[in-house]
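Right, one structure below, let's go through it.
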Amino acid sequence: MTPLLQVNGITKRYGARVGCADVSFDLWPGEVMGIVGESGSGKSTLLNCLAGHLDPDAGEVLFDTRAEGPKDTVTMAEPERRMLSRTDWAFVHQNPRDGLRMGVSAGGNVGERLMAVGARNYGEIRGNALDWLGRVEIAGDRVDDRPSAFSGGMQQRLQIARNLVTGPRLVFMDEPTGGLDVSVQARLLDLLRGLVRELGLSAIIVTHDLAVVRLLADRLMVMKSGHVVEQGLTDQVLDDPQHGYTQLLVSSVLQV
Amino acid sequence: MSAGRRQERQAGDGGEPSMTEQAYNFAYLDEQTKRMIRRALLKALAIPGYQVPFASREMPMPYGWGTGGVQVSAAVLTPEDRMKVIDQGADDTTNAVSIRKFFERTAGVATTERTPEATVIQTRHRIPEAPLTENQILVYQVPIPEPLRFLEPRETETRKMHALEEYGLMHVKLYEDIARHGHIATAYAYPVKVEGRYVMDPSPIPKFDNPKIAGCPAIQLYGAGREQRIYAVPPWTAAESLDFEDHPFEASKADHPCALCGAEDSYLDEVIIDDTGGRMFVCSDTDYCRARREAGHTGAMGAPYETEAQA
Ligand SMILES: [Zn+2]
Chain A
185 MTPLLQVNGI TKRYGARVGC ADVSFDLWPG EVMGIVGESG SGKSTLLNCL
235 AGHLDPDAGE VLFDTRAEGP KDTVTMAEPE RRMLSRTDWA FVHQNPRDGL
285 RMGVSAGGNV GERLMAVGAR NYGEIRGNAL DWLGRVEIAG DRVDDRPSAF
335 SGGMQQRLQI ARNLVTGPRL VFMDEPTGGL DVSVQARLLD LLRGLVRELG
385 LSAIIVTHDL AVVRLLADRL MVMKSGHVVE QGLTDQVLDD PQHGYTQLLV
435 SSVLQV
Chain B
207 MSAGRRQERQ AGDGGEPSMT EQAYNFAYLD EQTKRMIRRA LLKALAIPGY
257 QVPFASREMP MPYGWGTGGV QVSAAVLTPE DRMKVIDQGA DDTTNAVSIR
307 KFFERTAGVA TTERTPEATV IQTRHRIPEA PLTENQILVY QVPIPEPLRF
357 LEPRETETRK MHALEEYGLM HVKLYEDIAR HGHIATAYAY PVKVEGRYVM
407 DPSPIPKFDN PKIAGCPAIQ LYGAGREQRI YAVPPWTAAE SLDFEDHPFE
457 ASKADHPCAL CGAEDSYLDE VIIDDTGGRM FVCSDTDYCR ARREAGHTGA
507 MGAPYETEAQ A
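Quick mapping for you: the protein sequence lines, in order, are chains A and B. Numbering-wise, the first sequence is residues 185 to 440 according to the numbering used here. Numbering-wise, the second sequence is residues 207 to 517 according to the numbering used here.
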């Protein structure tokens, strides 16, 4: 089997400051990788390098494309990378406003990726949108409402539906539960866990919240000051942390 | 598109030029500006539907009057041309009359209201009903050239979307239409895909006119003055109106014959005729209507043409 994603030596600097340094890992199909660390640890920089939003200064990100097998998305031509990001990739932003079109109905938001890859039957697009609204627990009668009329939790669920509707093979999530009330977070986590299991999603989730990775991630990377200080199976890392920094994180001394 | 042949009186070879029409170059714009616009036009014709930036000039009229169209017309006019200007199909609105007078004065070209006799037709919001020919140029006045702006205001992004043919957003707009109104309610500026490649805003013509863009023998040029864009559809070019399989494009119009000439195939304006709410539907293309009445066609409320002329 080929890893879905092979990350080799990804490095990003901002002038003299290190964003992330020499990060390497493999992500296997159906696997969820959690990346944890405090703010400023480089985890978001890393995620944006992996998802093609930032150009890394060094390293490669080999994605197992359908047509040609593993290809470096860092050096890939922009049209191909943009095509990936609206078909095989999905990106869930922390702030749903960054991932939704606020002036477009919920149905239009979910349908956009379908239309972007050539869906031209209104009835089918709408049917798909309704199906996905149901899956993320949004009532069908909200399909024509704009996201601005939704609560924060609903907006985030809508963003997830919009991303998953084309059956992406890899989902990037940046603090998907950040900015939500604790009770809303719990519901969203349950929903995400259900979708991950049901769809066999491969995902990379960046978060500062250990509860999120405990529930969702098979494997865990701990980052500090741009470097990976520890990685392994989630339960192993959380229950028996080896690195001093991870121990602090787990003992919640550093909980943000 | 040969250069104007009337010579510009050079400032400096006899003091200040007087503020008569002789102070202007042929068709107002100087030759260098016209060359710049013609280069943009050639590029636009070479890449049908692609928006070419150009350095729009101040014109002695407000932007809302179609300065983009005026500059394009100025760049393509020759002294032998016969010009027609229409506004919403009519030759006699203030806007149409002013632009026609502008070119009569600055270019000295002949003008006409008869579509078949015109060689250059500048239009706002309509395509004439009479079939156009290979000997004609249709110049559209365009307020907003970017069809993607409705959902994506960032120009850096829309440019990329055109370059990469990422046109899913256009269908999101149509989806929203159907979700809200039960059908595609977009009635004007209905987007077309030109020659299977670039999606283009055909300017605010009624969608009834969209099929006339496709396979048209005339050259179609689009000028947006404020936004400094030129685009074009060369003769005999495909232009497909976007739609859904289960909501196909329809070139709709009011379901009436023209009350004056009886035409059933022309785009109609609804006109209020008295203060008790009486109304009638008449051709929006006034020249088409007149020509039909001249040829003896009469609608339900139209007197025969000769009688009308004598009244
Ligand atoms: Zn008529």
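Heads up, the beta-carbon is just placed ideally off N, CA and C, and yes, glycines get one too. As the structure is a computational prediction, the values presented were derived from the model and not from experiment.
When DSSP states are grouped into helix, strand and coil, A/S367 belongs to the helix group. Going by DSSP, B/I384 is part of the alpha helix (DSSP H) stretching over 374 to 387.
As a beta-bridge residue in DSSP terms, B/F487 pairs with B/E476. In this structure A/A200 is not in contact with A/F356, their Cβ atoms being roughly 28 Å apart against a cut-off of 8 Å.
Using beta-carbon distances, B/V405 does not count as an interface residue toward chain A, since no partner is under 8 Å.
Counting along the chain, A/R201 sits inside the beta strand (DSSP E) bounded by residues 201 to 211. Taken through DSSP and simplified to helix, strand or coil, A/R310 comes out as helix. For B/V488, the shortest separation between its Cβ and any heavy atom of ligand 1 lies below 7 Å. Against chain A, the CB of B/H368 has no partner CB under 8 Å away; the residue lies outside that interface. Per the coordinates, the alpha-carbon of A/S228 lies some 53 Å from the alpha-carbon of B/L344.
Interface with chain A (8 Å Cβ-Cβ cutoff): B/A420 is excluded.
Judged by their CB atoms, B/A280 and B/A233 are nearer to each other than the 8 Å cut-off.
Taking the CA atoms as reference points, B/H387 sits about 32 Å from B/C422. When DSSP states are grouped into helix, strand and coil, B/H368 belongs to the helix group. Fully contained in the segment 209 to 291 of chain A are the following alpha helix (DSSP H) runs of length 4 or more, in chain order: 227 to 234, 262 to 270, 280 to 283. Distances between the C-beta of B/S409 and the heavy atoms of ligand 1 are all 7 Å or more. For the options B/V278, B/R498, B/E264, the alpha carbon positioned closest to that of B/I243 is the one of B/V278. Out of B/F455, B/R263, B/A465, the CA that lies nearest to the CA of B/Y394 is found in B/F455. Chain order gives no chain A residues near B/D493, where near means a beta carbon separation below 9 Å; the closest approach is about 38 Å. Here B/T482 is exposed. Its C-beta has fewer than 16 other C-beta atoms within 10 Å. Among the residues facing chain A, B/F450 is included, as its CB has a counterpart in that chain under 8 Å away.
Distances taken from the Cβ of B/G505 to the heavy atoms of ligand 1 include one shorter than 7 Å.
Taking the Cβ of B/C467 as the reference point, at least one heavy atom of ligand 1 falls within a distance shorter than 7 Å.
The contact set of B/R386 on chain A, defined by CB atoms closer than 9 Å, consists of S289, D328 in chain order. At least one C-beta of chain A is nearer than 8 Å to the C-beta of B/Y381. Between A/V288 and B/L357, the C-beta gap is smaller than 8 Å, which places the two residues in contact. For B/I292, the enclosing beta strand (DSSP E) starts and ends at 288 to 293.
Separation of the CB atoms of B/P463 and B/A457 is rounded to 17 Å, and the pair is thereby denied contact status at 8 Å. The Cβ-Cβ distance between A/V216 and A/A395 does not fall below 8 Å. A direct Cα-Cα distance of roughly 14 Å separates B/D461 from B/S490. DSSP places B/Y256 in the coil class of the three-state scheme, outside both helix and strand. Closest option to B/D471, judged by alpha-carbon separation, among B/E451, B/D480, B/Y494: B/Y494. A/R326 and B/E446 have their C-alpha atoms roughly 33 Å apart. If one requires a minimum length of 3 residues, the beta strand (DSSP E) runs lying completely within the segment 292 to 337 of chain B are 326 to 330, in chain order. Secondary structure note for B/A438: its beta strand (DSSP E) is the uninterrupted segment 435 to 439. Under a criterion of Cβ atoms nearer than 7 Å, the residues of chain B adjacent to A/I309 are, in order, Y381.
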